[in-house]
Amino acid sequence: MIGLPNPFRRAVVPLSVEDLIDISFRRAFRKPRSVKKRGDKLLIYRDREISRIQVITDTITSRLDKVVKSFPSIERLDPFYRELLDIIAGVDEVKHSLGAVQWASKLISRISRGYVTRIKRTEDPDRMASLRREALGRITSILKRIKPEVDFLREKVPRLRDLPDIDMTIPTVIIAGMPNTGKSTLLSKLTTKTPEVAPYPFTTKGLIIGHREMKDVGRVQFIDTPGLLDRPLSKRNRIELQAVAALKHLRGIIIYLFDPTETCGYTLGEQISLFEDLRDNLAPNILVVVNKVDLERNYEGNFRRIREYLKKRGIASVEISAEEGTGLDFLLDTLLSAVSGGEDL
């Protein structure tokens, strides 16, 4: 497994086929390198044509090899990032594209060596130039054959590089719930530094990630998932469900935030429905947090209703006011106990 953050961070975005051809040819045909003023003209012609082939070959193969070598081993990826790779690009498609780039590099090197050998064996300057043109034509043809694969990588690699840096070796707390229930406020209160925002498939706002040092367990990462865990899974398409399912690979727990005041814009019934959906289909061990207890006096009926619902089903909960800070110490103690026990989502 790769324990480092985003394993695609150092993946190289390939040049377009057109740019690669242009750069390599310009290098090969720029002002000739200094040669002996006196010497065998035949040797000068031969060195010039061989040099052009080698410069083009070295420029192209070095760029292609860097693309392949910079990409992490797919087999060694953590399941979380492997799932995201499959969502964004497709594992099989990436393997095929990287394989095509590697194939082109090896074939270009082999063809280049063959033509260099043939040029060394001829004594005719015109034949040398002809062989060089033939070699460069074949090299160009090979590059054009992998244009679809190169264009595919040019589109997908930047998206993979932008994936969030999630440390797979430390506990994770994911905050879920309907929009405007207080998730971002809670995240800011539980973490010690300003949370960072990172792109994530099928979310318009990305993941919001913060951290906190906790006694006995060390660093814990907290993640808010706007646009991801805030509506029923039954309303998602297959790829969106895969983006949600990827979260199951994170080591930690889910907090589900209820807002009995319904000032979030969603009824208590809708919030309960989403909670049951996530519990049944994603994570049975969800820590329920009832927010906005500072406003209970104005919404006593709804607070009574959610307590009765949870009690009837034997579901423990923590009551807080994220805005006022009420109950956060008890919530942190509960989280510490949960992550210390190594519970999985």
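Numbers given in this note's numbering equal positions in the sequence shown, counted from 1, plus 327.
Ideal placement from N, C-alpha and C gives every residue a C-beta, glycine not left out.
This one's a predicted model, so the numbers in the text were calculated from it and none came from an experiment.
Helix, strand or coil at residue i [DSSP, three-state]
i      : result
Arg558 : coil
Val362 : Caution is warranted here: a pLDDT of 48 is assigned to Val362, below 50, making its placement in the model unreliable, and the coordinate value is therefore given only provisionally. Val362 falls in the coil class under three-state DSSP.
Phe335 : coil
Gly628 : helix
Tyr372 : helix
Leu584 : strand
Ser643 : It should be noted that the sequence gives Ala, not Ser, for residue 643. It is coil, neither helix nor strand.
Gly464 : helix
Thr661 : helix
Met455 : helix
Val620 : helix
Member of the options whose CA lies at the smallest distance from the CA of residue i
i      : options                           : result
Arg578 : Val394, Phe352 and Pro406         : Pro406
Lys393 : Tyr593, Val477 and Val418         : Val477
Glu450 : Leu514, Arg373, His423 and Asp419 : Arg373
Glu523 : Gln548, Met541 and Met505         : Gln548
Val616 : Ile536, Ser600 and Leu662         : Leu662
Pro399 : Pro506, Pro528, Leu412 and Ile536 : Leu412
Ser512 : Thr530, Gly537 and Arg563         : Position check: residue 512 holds Thr in this sequence, whereas Ser was assumed. Per the Cα distances, Gly537.
Asp604 : Tyr408, Ser515 and Leu568         : Leu568
Arg357 : Leu463, Ile371 and Arg375         : Arg375
Pro332 : Lys474, Gly545, Val666 and Tyr408 : Tyr408
Arg632 : Thr653, Phe585 and Thr531         : Phe585
Thr653 : Glu635, Tyr636, Leu622 and Ala665 : Leu622
Ala503 : Leu347, Asp385 and Asn612         : Asn612
C-beta neighbour in chain C for residue i, strict 8 Å
i      : result
Arg546 : The chain labelled as chain C is not found in the depicted structure, where only one protein chain is given.
Residue i Cβ short of 7 Å to the ligand ZN heavy atom set
i      : result
Leu534 : By its list of ligands, the structure shown contains no ligand whatsoever, and the ligand ZN lies outside what it can speak to.
Per DSSP, the bridge partner or partners of residue i
i      : result
Thr653 : Ser648
Phe549 : Val500 and Gly537
Val524 : Ile535
Leu614 : Ile582
Residue i classed as buried or exposed, judged by whether at least 16 other C-beta atoms fall within 10 angstroms
i      : result
Leu556 : buried
Asp349 : exposed
Ala618 : Reading the sequence as shown, one finds Asn at residue 618 and not Ala. Classification for Asn618: buried.
Lys364 : Only weak support is given to the placement of Lys364: the predicted model assigns it a pLDDT of 49, under 50, and the question is left unresolved by the model.
Asp607 : exposed
Glu646 : buried
Asn564 : exposed
Lys447 : exposed
Ser561 : exposed
Leu490 : buried
Which ranges would you report for the alpha helix (DSSP H) in the region 383-438 if only whole runs of at least 4 residues count?
Taken in chain order, the complete alpha helix (DSSP H) segments of 4 residues or longer contained in the region 383-438 are 406-415.
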